[in-house]
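*Asks:*
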Amino acid sequence: MNFELDEKMNKGVDEAKRNYIDRDARRRKKRKIKKIIALAVLAIIACLIALVVYNYFAGRAFRTEKQFKEFADRVYSRETQQLDNDDAAVSYTFDKDFSVASRMDDNCTEEIKNYRNSRIESVTNYFRNQYLNSDNDMSYALIWDVYQDKTDSGADSIAISYRLYGENSDEVCLITNNIETHLYSSKTGRGLQPLQVLNTNYKYKAAEYAENYFKNKYDDEKLKPGWEEFTKPEGSNYNKFYFSGDNIIFIFDEDTVLDKEEGAVSVSIASRFMEQAVRSQILERYINPQAPMVAITYDDGPGGESEERILKCLQDNGSVATFFYLGNRVHTNPDALKKADEIGCQIGSHLWNHDLLTKLKDKEIRKQVKKTGDAIEKACGVRPDVARPPYGAYDTRVIDAIGMPSFLWTIDTLDWKTRNPKAIFKSVKKSKNLDGSVILMHSIYNETADATELIVPWLREHGYQTVTLNELVEYKTGSLPQKGVLYRKIK
Numbered sequence: 001m002n003f004e005l006d007e008k009m010n011k012g013v014d015e016a017k018r019n020y021i022d023r024d025a026r027r028r029k030k031r032k033i034k035k036i037i038a039l040a041v042l043a044i045i046a047c048l049i050a051l052v053v054y055n056y057f058a059g060r061a062f063r064t065e066k067q068f069k070e071f072a073d074r075v076y077s078r079e080t081q082q083l084d085n086d087d088a089a090v091s092y093t094f095d096k097d098f099s100v101a102s103r104m105d106d107n108c109t110e111e112i113k114n115y116r117n118s119r120i121e122s123v124t125n126y127f128r129n130q131y132l133n134s135d136n137d138m139s140y141a142l143i144w145d146v147y148q149d150k151t152d153s154g155a156d157s158i159a160i161s162y163r164l165y166g167e168n169s170d171e172v173c174l175i176t177n178n179i180e181t182h183l184y185s186s187k188t189g190r191g192l193q194p195l196q197v198l199n200t201n202y203k204y205k206a207a208e209y210a211e212n213y214f215k216n217k218y219d220d221e222k223l224k225p226g227w228e229e230f231t232k233p234e235g236s237n238y239n240k241f242y243f244s245g246d247n248i249i250f251i252f253d254e255d256t257v258l259d260k261e262e263g264a265v266s267v268s269i270a271s272r273f274m275e276q277a278v279r280s281q282i283l284e285r286y287i288n289p290q291a292p293m294v295a296i297t298y299d300d301g302p303g304g305e306s307e308e309r310i311l312k313c314l315q316d317n318g319s320v321a322t323f324f325y326l327g328n329r330v331h332t333n334p335d336a337l338k339k340a341d342e343i344g345c346q347i348g349s350h351l352w353n354h355d356l357l358t359k360l361k362d363k364e365i366r367k368q369v370k371k372t373g374d375a376i377e378k379a380c381g382v383r384p385d386v387a388r389p390p391y392g393a394y395d396t397r398v399i400d401a402i403g404m405p406s407f408l409w410t411i412d413t414l415d416w417k418t419r420n421p422k423a424i425f426k427s428v429k430k431s432k433n434l435d436g437s438v439i440l441m442h443s444i445y446n447e448t449a450d451a452t453e454l455i456v457p458w459l460r461e462h463g464y465q466t467v468t469l470n471e472l473v474e475y476k477t478g479s480l481p482q483k484g485v486l487y488r489k490i491k
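No gaps in the numbering here: position 144 of the sequence shown is 144 in the numbering used here, and each next residue is one more.
#1: Taking the alpha helix (DSSP H) that Ile112 falls in, what are its first and last residues?
#2: Ala206: buried (16+ other C-beta within 10 angstroms of its C-beta) or exposed?
#3: Give every residue of the same chain whose Cβ lies closer than 7 Å to the Cβ of Asp316, excluding the five residues on either side of it in the sequence, and list them in chain order.
#4: With distance defined between alpha-carbon atoms, name the residue in Val320, Asn433, Glu65 and Asp300 nearest to Val330.
#5: Quick check on this structure: which residue in Val438, Ser431, Asn446 and Pro405 has the alpha carbon closest to the alpha carbon of Asn420?
#6: Going by the beta-carbon positions, is the gap between Ile388 and His350 smaller than 8 Å?
#7: Just to confirm before moving on: does the CB-CB distance between Pro481 and Tyr475 stay below 8 Å?
#8: Evaluate Arg103 with the Cβ neighbour count: other Cβ atoms within 10 Å of its Cβ, from every protein chain shown; 16 or more gives buried, anything less gives exposed.
#9: I'd like the ranges of any alpha helix (DSSP H) spanning at least 4 consecutive residues and lying wholly in the region 164-210.
#10: Who are the Cβ neighbours of Ile490 in its own chain at under 6 Å, not counting the five residues just before and after it?
#11: Just to confirm the assignment, what range does the beta strand (DSSP E) spanning Thr297 have?
#12: To which residues does DSSP link Trp416 through a beta bridge?
#13: Would the region 222-234 count as touching the region 122-137 if we require 3 or more Cβ pairs under 8 Å?
#14: Secondary structure at Thr322, three-state DSSP: helix, strand or coil?
#15: Am I right that Trp416 and Val438 are in contact with their C-beta atoms under 8 Å? What's the rounded C-beta distance?
#16: Give the secondary structure of Val467 by DSSP, where H, G and I count as helix, E and B as strand, and everything else as coil.
#17: Going by CA-CA distance only, name the one from Ala401, Ile248 and Ala340 that's closest to Gly303.
#18: Using a 10 Å radius around the Cβ and a threshold of 16 neighbouring Cβ atoms, would you call Leu440 buried or exposed?
#19: For the alpha helix (DSSP H) that Val100 lies in, which residues bound it at each end?
#20: Using the C-alpha atoms, what's the distance from Gly318 back to Tyr184?
#21: Give the single residue among Lys215, Ile376 and Tyr298 whose Cα lies nearest to the Cα of Phe407.
#22: Could you name the residues of the same chain whose beta carbon sits closer than 6 Å to that of Leu195, not counting the 5 residues immediately before and after it, in chain order?
#23: Below 8 Å on the Cβ atoms is my contact criterion, and I expect Ile405 with Val386 to pass it. Report the Cβ-Cβ distance as a whole number of Å.
#24: So what does DSSP say about Trp227, is it helix, strand or coil?
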């Protein structure tokens, strides 16, 4: 009886073991299936994430020519300041390190076309030199967008937008973006200042509209603290604008009204709201006595290609300068003197051969003055009425012997020493108030021409008028420069 019981008990235990083993096997199988399903789900999620990342960066990286074109097209369709330029043609120049795309319409005057192309070349070279010399493994893309229009008053208008991107391992960042605006006379092709095209009260009407526009369009959190300073009708505010049909488009730079990452922002104002702000006819030459003014000066010319580039930059930007020529160099490029006079620049004497005048006798100084004046008058028909002693070396005797108003400078760019456009530009920018300043450069260096192409538009954008030395003294003191007087900063 006990044996039968034991046997039944053993069978029950065996059956329980089998059931347990079966259940355990089923549990392991289920866990395995769940694990497989979980891994499959994770794989799907990983694929989805990869797809999202790919889609996010698709068209953003630009290490290949195809990627760059897709990226540029994306920028034009979504990210650039809208310049109503969708029908313009796009050209692409791919380089694995530094690629450039340009969207523009060639239906414009040769003057605008030449300036536009030279400006693109100048800024492109500036960025290429600045960033490709750095020790990093980045590729760069420079995206240009150019729009032009004209007014019935005789002004051609051009807006030039550029955005520089850097990319490293598919991570793309916007390094800088900017919009330049330029005005030209349709008749002469010369550059114009804002008040040659708009009436003197235009800033007040523009400010009234722009302040209300920003308050209504953006929340307080979106507007940069202190944004109101950039919408006041003063200083350099409202100097950047271009025409588009019946509208005037005013540009506010990045990090002014909105945070830097938001980029530049524009306000479009109908001309009718501006109460006839556009002059019926442009003023070909205008100086506002109340606005800040600067005299740019160049020594040691005439230069060759460098001076020709400087003169072109001045003309394209409606700017002027004073050139102090060496008499023994005048014959090398008399056309430069003719061009300088033609575009309204002042012609000065740097005497004959850059001698140290303090070491010369009065008779020798007067001889150099006459000989240089004769050479300049023969070249361009104008006799110099101001002088600059070489090296800035002078004493009372020297100034009296020169017999003309003499000028030194307040800002020495040291262009002859550094031969570095960035350093030359920085020497001007670092001054907080340039009003009444005299800037010294030399027209014989290509690096100075490079710097001029940065400085002149910058001065214009920041509300400075460029004037000749005679104009600077006349507007600041009420009379023309006086014989026997040495001038530096004119207040």
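Where a beta carbon is used, it is the ideal one built from N, C-alpha and C, also for glycine.
*Replies:* Judging by the given coordinates:
#1: Looking at the DSSP string, the run of the alpha helix (DSSP H) that includes Ile112 is Glu110 to Leu132.
#2: So Ala206 counts as buried.
#3: Tyr115 and Gly191.
#4: Asp300
#5: Nearest of Val438, Ser431, Asn446 and Pro405 to Asn420, Cα basis: Asn446.
#6: Before going on, a small fix: residue 388 reads as Arg here, not Ile. Result yes, Cβ atoms of Arg388 and His350 sit closer than 8 Å.
#7: no
#8: With at least 16 other beta carbons inside 10 angstroms of its own, Arg103 counts as buried.
#9: 194-197
#10: Gly436, Leu472, Val473 and Lys476
#11: Secondary structure note for Thr297: its beta strand (DSSP E) is the uninterrupted segment Met293 to Gly301.
#12: Trp416 pairs with nothing; no bridge assigned.
#13: no
#14: Here Thr322 sits in strand by DSSP.
#15: That pair is no contact at about 16 Å.
#16: coil
#17: Ala340
#18: The residue in question, Leu440, is buried, as its Cβ has 16 or more Cβ neighbours within 10 Å.
#19: Counting along the chain, Val100 sits inside no alpha helix (DSSP H); it lies in the beta strand (DSSP E) bounded by residues Phe98 to Met104.
#20: The alpha-carbon of Tyr184 is positioned some 8 Å away from that of Gly318.
#21: Tyr298
#22: Tyr286 and Asn288
#23: In the sequence as displayed, the identity of residue 405 is Pro instead of Ile. Right, their Cβ atoms sit about 5 Å apart.
#24: helix
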